[in-house]
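Protein chains in written order, with the working numbering: chain P, 1 to 314; chain C, 315 to 991.
Structure record follows, encoded as structure tokens.
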Amino acid sequence: MQTTLNKQNVGDYERISKRRDKISTFLLLLPYVLLFSTFIIIPILVSGALSFSYFNLIEAPRLADLFGFYNYVILVTQDENFLRYVIPNTIKYSFIVGPGGYILSFIMAWMLSQIQATPRKWISLAMYTPSMVGGVFITVVWRTMFSGDTSGYINAILLSNDIIDEAIQFLQDPAYLLNIMILVSLWSSMGIGFLAMLAGLLNVDKTLYEAALVDGIKNRFQEIIYITIPQMKPQMLFGAVMAIVGAFNSGYIGVALSGQNPTPQYSGQLIINHMEDFGFIRYEMGYAAAISVVLLLIVFMFSRVAYALFGDKG
Amino acid sequence: MMKEFKILLSAILVFLLSIVSLTPVDASSATTYTVTRDRKGFFVVTQDAYLPDQTILNLGLDSPEDLHLDKDDLLYIADTGNQRIVVYDPSIGEVVREITYAEFVSPRGIFITEDDELYVADSAAEAIFRFQLDGTFLEKFTKPDSVSLEVTTFNPKKVAVDNQDNMYIVAEGVFDGIIQMSSSGEFLGYFATNKVVLTPTQRFQNLIFSDRQLEQLSDRNPISFTNVYVDQNGIKYSTSIGENISNVQKHNTNGSSSIDTNYNVDLGLIDVYTDQYGIIYAANEAGLIMIFTADGSFIFAFGADEASEDVSGLYSELNSIAIDSDGRIWTLDGNKAFIQSYTPTDYSQEIYTALTYYQDGQYAAAVESWEEVLKLNQLSVLAHNEIGRNLFSQGEYAESLTHFELSGNRWMYSEAYWEVRNVAIQQNLPYVLIGVIVFTVVWIVVKQTNKHYQYLATPTAKLKKVAAIKPIDDVLYTFNFFKHPLDSFYYVKRNKRGSYFGATVLFLLFFVVYLNYTMNKGFIFQFVEAADMDLGAIIIGFFALFVLFILSNYLVTSINDGEGTVGEIYKGVMYSLMPLTIAYTIVWFLSYYVTFNEVIILQIVVWAGLGGTGTLLFLAVQELHNYTIRETIKSYLLTILFMLIAGVLFAFIQIMGDQLIQFIIGLFGEAFRSVFN
Numbered sequence: 001m002q003t004t005l006n007k008q009n010v011g012d013y014e015r016i017s018k019r020r021d022k023i024s025t026f027l028l029l030l031p032y033v034l035l036f037s038t039f040i041i042i043p044i045l046v047s048g049a050l051s052f053s054y055f056n057l058i059e060a061p062r063l064a065d066l067f068g069f070y071n072y073v074i075l076v077t078q079d080e081n082f083l084r085y086v087i088p089n090t091i092k093y094s095f096i097v098g099p100g101g102y103i104l105s106f107i108m109a110w111m112l113s114q115i116q117a118t119p120r121k122w123i124s125l126a127m128y129t130p131s132m133v134g135g136v137f138i139t140v141v142w143r144t145m146f147s148g149d150t151s152g153y154i155n156a157i158l159l160s161n162d163i164i165d166e167a168i169q170f171l172q173d174p175a176y177l178l179n180i181m182i183l184v185s186l187w188s189s190m191g192i193g194f195l196a197m198l199a200g201l202l203n204v205d206k207t208l209y210e211a212a213l214v215d216g217i218k219n220r221f222q223e224i225i226y227i228t229i230p231q232m233k234p235q236m237l238f239g240a241v242m243a244i245v246g247a248f249n250s251g252y253i254g255v256a257l258s259g260q261n262p263t264p265q266y267s268g269q270l271i272i273n274h275m276e277d278f279g280f281i282r283y284e285m286g287y288a289a290a291i292s293v294v295l296l297l298i299v300f301m302f303s304r305v306a307y308a309l310f311g312d313k314g
Numbered sequence: 315m316m317k318e319f320k321i322l323l324s325a326i327l328v329f330l331l332s333i334v335s336l337t338p339v340d341a342s343s344a345t346t347y348t349v350t351r352d353r354k355g356f357f358v359v360t361q362d363a364y365l366p367d368q369t370i371l372n373l374g375l376d377s378p379e380d381l382h383l384d385k386d387d388l389l390y391i392a393d394t395g396n397q398r399i400v401v402y403d404p405s406i407g408e409v410v411r412e413i414t415y416a417e418f419v420s421p422r423g424i425f426i427t428e429d430d431e432l433y434v435a436d437s438a439a440e441a442i443f444r445f446q447l448d449g450t451f452l453e454k455f456t457k458p459d460s461v462s463l464e465v466t467t468f469n470p471k472k473v474a475v476d477n478q479d480n481m482y483i484v485a486e487g488v489f490d491g492i493i494q495m496s497s498s499g500e501f502l503g504y505f506a507t508n509k510v511v512l513t514p515t516q517r518f519q520n521l522i523f524s525d526r527q528l529e530q531l532s533d534r535n536p537i538s539f540t541n542v543y544v545d546q547n548g549i550k551y552s553t554s555i556g557e558n559i560s561n562v563q564k565h566n567t568n569g570s571s572s573i574d575t576n577y578n579v580d581l582g583l584i585d586v587y588t589d590q591y592g593i594i595y596a597a598n599e600a601g602l603i604m605i606f607t608a609d610g611s612f613i614f615a616f617g618a619d620e621a622s623e624d625v626s627g628l629y630s631e632l633n634s635i636a637i638d639s640d641g642r643i644w645t646l647d648g649n650k651a652f653i654q655s656y657t658p659t660d661y662s663q664e665i666y667t668a669l670t671y672y673q674d675g676q677y678a679a680a681v682e683s684w685e686e687v688l689k690l691n692q693l694s695v696l697a698h699n700e701i702g703r704n705l706f707s708q709g710e711y712a713e714s715l716t717h718f719e720l721s722g723n724r725w726m727y728s729e730a731y732w733e734v735r736n737v738a739i740q741q742n743l744p745y746v747l748i749g750v751i752v753f754t755v756v757w758i759v760v761k762q763t764n765k766h767y768q769y770l771a772t773p774t775a776k777l778k779k780v781a782a783i784k785p786i787d788d789v790l791y792t793f794n795f796f797k798h799p800l801d802s803f804y805y806v807k808r809n810k811r812g813s814y815f816g817a818t819v820l821f822l823l824f825f826v827v828y829l830n831y832t833m834n835k836g837f838i839f840q841f842v843e844a845a846d847m848d849l850g851a852i853i854i855g856f857f858a859l860f861v862l863f864i865l866s867n868y869l870v871t872s873i874n875d876g877e878g879t880v881g882e883i884y885k886g887v888m889y890s891l892m893p894l895t896i897a898y899t900i901v902w903f904l905s906y907y908v909t910f911n912e913v914i915i916l917q918i919v920v921w922a923g924l925g926g927t928g929t930l931l932f933l934a935v936q937e938l939h940n941y942t943i944r945e946t947i948k949s950y951l952l953t954i955l956f957m958l959i960a961g962v963l964f965a966f967i968q969i970m971g972d973q974l975i976q977f978i979i980g981l982f983g984e985a986f987r988s989v990f991n
């Protein structure tokens, strides 16, 4: 009698606590799920759905031709600007800015980790500033530097040394714009990934270095390869993903520098500019959504590469 | 690419000036060869474009300097030495009239405007004179009163006048450009200027010399204009002497040139003229007559100097050139004071007709016309290029490809190929997409079901077994370097993994891939054709470089505490080659499908390959010799220095060896002669 009662009581208690667990899990997750779906999942799904439609913000969206795939078919067959300029530009830009910025961030973070705390704090703040203040800063600083008239800094220096004899329209000339964009992006590439890597570097267990020294490690380079990088793999992965996302999403630079979208003769047009061009200037939302889905797939694909390189399995 | 062509072209022009003054032995009445360029930019002899026609010696000219034609094809000759203008009618072969004026001292340049007025530039009289064509004096322009014209004397040499009666004057001692004067004689400014191109030495001098020292240096003036011309549409042309500039310029309204005829060589052009189709004719004093299309591409050139022989078509000093309405060229020899005319052949006339059709947008007619040219000269680069352009303009991209390939025009080939490829992509995209989707689905299904049933276990195990066979494993070991370079080099050093066999296989693989990459890319990216390459030199150079590197590195490191042996360095180098092998293979494959538009893809692949192999080579030296980074860099610098020294030494030995052999041959020859005579 006593035992059965006890058993029953215990069972009830377990059942109740399990239910409570479920409720508390639900409640704890709720804010995140709500916010994440409202601001991330639902927009992605909506844009995915819109990519199969014609939508101009005024009329209701209607299903596109070819079972809805019309926008995608046009994108890869008819959009000459996309095929001729946007794709090569995006490849060049992201393949240089992505890995370049990543390597630069790591080198800078490592160098900063080698100096005392006080200068480190200020220098890292200074390095992080460009990515924090973004477009405004770039417009002010770099547009002045590369200004196309004779008073632009670069032009003035080149002119006064007789290297050129008339001012170069750096920001309007298709031959220069993309390269300037790459330069500016590399300059401002010490973003959140850089901070993560700096934190990771500072948290590597110091005793490991001492142990390695005993085991016969000769120089800093070997330290980095054998200890630092393996120890900060999570931060490296985070930095890599942020670099990839940054490389594909920082299209505002070209527009900010040249002051127009599309950029002069599509010379600095990246996928994201192309998307904005169609979405917010021409109001072809269905087509812009299709571009954004393609961009999402590209970023996703490269993130998988990053996971393969720096993920736990590797 | 354009630059390469130009360097070639300039070399050939020099060649042409010096050698092609031969008299051909065929039955043609031409006295010099006509040359054009072939698809590689080399000069080749082609059909005669012009035949010498009249040689007029009996006009009693004394060092004439300029020649111009009016609308009725009357020749106006500036007879500078006799202070007169001679008007000659070639159709009746007589001097029609002479124009003289009391103030003429040395009339050197003449120009006839569209509204039939004659302008004469007289450098010694320091004035420009304006006449009616019958010789009635109208006006005299002297040095314009302007502070910005900073010359003490005004010595106009050549003059041209546009439709608004603005004068464009080339004057002696004026280096700032072509003087532009309004119809009322005011100085309007310098129309076109040539930039001073400083050599690095001159830049250095500018930096360190004092003003007085700089003054003593001569030849710091900009390149000077030699002539100016305005065509019936008011477009201005000019010639200038100097290196590294456009020798013929066709000026935009702002004075800059819309055509680029800079062949990095001083062509010494002294006169320019156009016909009614806009074809540009230019000449230099040596007697070379060059003909360009309206957009400045070279068509052909002919003529030469031969001062000692009196052969029609050869000059002692060609001074002026003019074209009449029938397309005949009239030239003036100032030294021997004769006039020489040329008549165009069917070949050149057909070319001009075809060019005109293209300008008028009659692409189909132009193609037909060019095909006539091809019948006369099957290899005409110009014809193939123009047919390609006409077909391209009509949207017949696939057809234009062959013509661009035959003419060696990689840029247009790339443009046309882009269009062709775009069509192919559009047609095949559905199949490709379906293929990709099917493949992905199959892949996922196989992967998932295999987890359950393990049916791939046996083949995988077999493959692994094959891969583990020692020689195969030795070759495949190269892929370990991608992820764990330092460890992998360490195992090579400790003889745990890798072998000479594996290294040699990888080396030969790289050699094959490299040869394929060098000689067998797609047309657009194969800048030097395989037929023009010296295969022997490439092979010898390839192996010599590797042998030299390995030996030098061993010699340098063995005295610098390096631990590696020759064999280890050999293995280390060969196992480092895989990134470049892969990159070259990819580039070779892609070069058939990529255009200049996407050239960045190829660049990225090559960069990645070079970067990968470079990094591995660096780590190889570091790990094999157990060096620090600083020691590695030092060792590399020393190795490169050693390789250079060795290279110079080899060259030395080869030259000396040649001398030795010559000497021995000579010695024995002498001995033989002494014995047997």
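Glycine is no exception: its CB is placed at the ideal position from the N, C-alpha and C atoms.
{"Asked": "Proximal chain C residues relative to P/Lys233, where beta-carbon distance stays under 8 Å", "Found": "Within chain C, no residue comes near P/Lys233; the closest Cβ sits about 14 Å away, beyond 8 Å."}
{"Asked": "Chain C contact for P/Asn9 (CB, 7 Å cutoff)", "Found": "no"}
{"Asked": "Per DSSP, the bridge partner or partners of C/Ala636", "Found": "C/Trp644"}
{"Asked": "Local Cβ density within 10 Å of C/Val746, reported as buried at 16 or more and exposed below that", "Found": "exposed"}
{"Asked": "Cβ-based neighbour list, C/Ser949, same chain, cut-off 8 Å, excluding 5 preceding and 5 following", "Found": "Asn867, Val870, Thr871, Asn874, Gly876, Val935, His939 and Tyr941"}
{"Asked": "Beta carbon proximity, P/Phe82 to chain C, threshold 7 Å", "Found": "no"}
{"Asked": "Distance, P/Gly152 Cα to C/Leu521 Cα", "Found": "24 Å"}
{"Asked": "Contact set between C/Leu800 and chain P, taken where Cβ atoms lie within less than 9 Å", "Found": "Gln222, Ile225 and Tyr226"}
{"Asked": "Option nearest P/Ala211 by Cα separation, candidates P/Ile227, P/Leu270 and P/Ile180", "Found": "P/Ile227"}
{"Asked": "4-residue-minimum alpha helix (DSSP H) runs that sit fully inside the region 685-742 of chain C, ordered along the chain", "Found": "695-707 and 711-721"}
{"Asked": "Proximal chain P residues relative to C/Glu912, where beta-carbon distance stays under 8 Å", "Found": "Ile87, Pro88 and Ile91"}
{"Asked": "Helix, strand or coil at C/Thr427 [DSSP, three-state]", "Found": "coil"}
{"Asked": "Within 7 Å of chain P by C-beta, residues of the region 920-953 of chain C in sequence order", "Found": "Thr942 and Ile943"}
{"Asked": "Backbone CA spacing between C/Asp479 and P/Val184 [nearest angstrom]", "Found": "52 Å"}
{"Asked": "Expected contact under 8 Å - CB spacing of C/Tyr831 and C/Val901 to nearest Å", "Found": "7 Å"}
{"Asked": "Neighbour flag for C/Gln516 against chain P, beta carbons, 7 Å", "Found": "no"}
{"Asked": "The region 627-643 of chain C in contact with the region 583-602 of chain C per 3-pair CB rule at 8 Å", "Found": "yes"}
{"Asked": "Chain P contact for C/Ile758 (CB, 7 Å cutoff)", "Found": "no"}
{"Asked": "Buried or exposed (CB count within 10 angstroms, at least 16 for buried), C/Asn991", "Found": "exposed"}
{"Asked": "Beta-carbon spacing of C/Leu646, C/Leu381 below 7 Å", "Found": "yes"}
{"Asked": "The region 743-768 of chain C: positions lying closer than 8 Å to chain A by Cβ", "Found": "Any reference to chain A falls outside this structure, whose protein chains are P and C."}
{"Asked": "Short Cβ contact (7 Å threshold) for P/Ser105 with P/Gly193", "Found": "yes"}
{"Asked": "Cα-Cα separation between C/Asp801 and C/Ile786, rounded to whole angstroms", "Found": "20 Å"}
{"Asked": "Contact with chain C by P/Asn179, beta-carbon distance below 7 Å", "Found": "no"}
{"Asked": "Sequence-distant residues of the same chain with beta carbon closer than 6 Å to C/Ile391, five excluded per side", "Found": "Pro378, Leu381 and Val400"}
{"Asked": "Euclidean distance between Cα positions of P/Ser94 and P/Phe248", "Found": "6 Å"}
{"Asked": "Continuous alpha helix (DSSP H) assignments of at least 4 residues falling wholly in the region 400-455 of chain C", "Found": "none"}
{"Asked": "The region 850-863 of chain C / the region 749-764 of chain C touching (three or more Cβ pairs under 8 Å)", "Found": "no"}
{"Asked": "Beta-carbon proximity check, C/Val701 vs C/Val687, cutoff 7 Å", "Found": "First, the amino acid is wrong: residue 701 of chain C is Ile here, not Val. Their beta carbons are not under 7 Å apart, which means C/Ile701 does not touch C/Val687 by this criterion."}
{"Asked": "Spatial distance of P/Ser258 from C/Leu958 (CA atoms)", "Found": "47 Å"}
{"Asked": "Closest by C-alpha distance to C/Ile549, when choosing among C/Ile593, C/Arg526 and C/Thr515", "Found": "C/Ile593"}
{"Asked": "Chain-ordered residues of the region 548-582 of chain C with a beta carbon less than 9 Å from chain P", "Found": "none"}
{"Asked": "Closest by C-alpha distance to C/Glu599, when choosing among C/Phe860, C/Leu502, C/Gly648 and C/Thr507", "Found": "C/Gly648"}
{"Asked": "Helix, strand or coil at C/Thr369 [DSSP, three-state]", "Found": "strand"}
{"Asked": "Any C-beta of chain P under 7 Å from that of C/Glu918", "Found": "Looking at the sequence shown, residue 918 of chain C is not Glu but Ile. With 7 Å as the cut-off, C/Ile918 counts as an interface residue toward chain P."}
{"Asked": "DSSP beta-bridge partners of C/Ile998", "Found": "Chain C is shown from 315 up to 991; residue 998 of chain C falls before or after that span and cannot be answered."}
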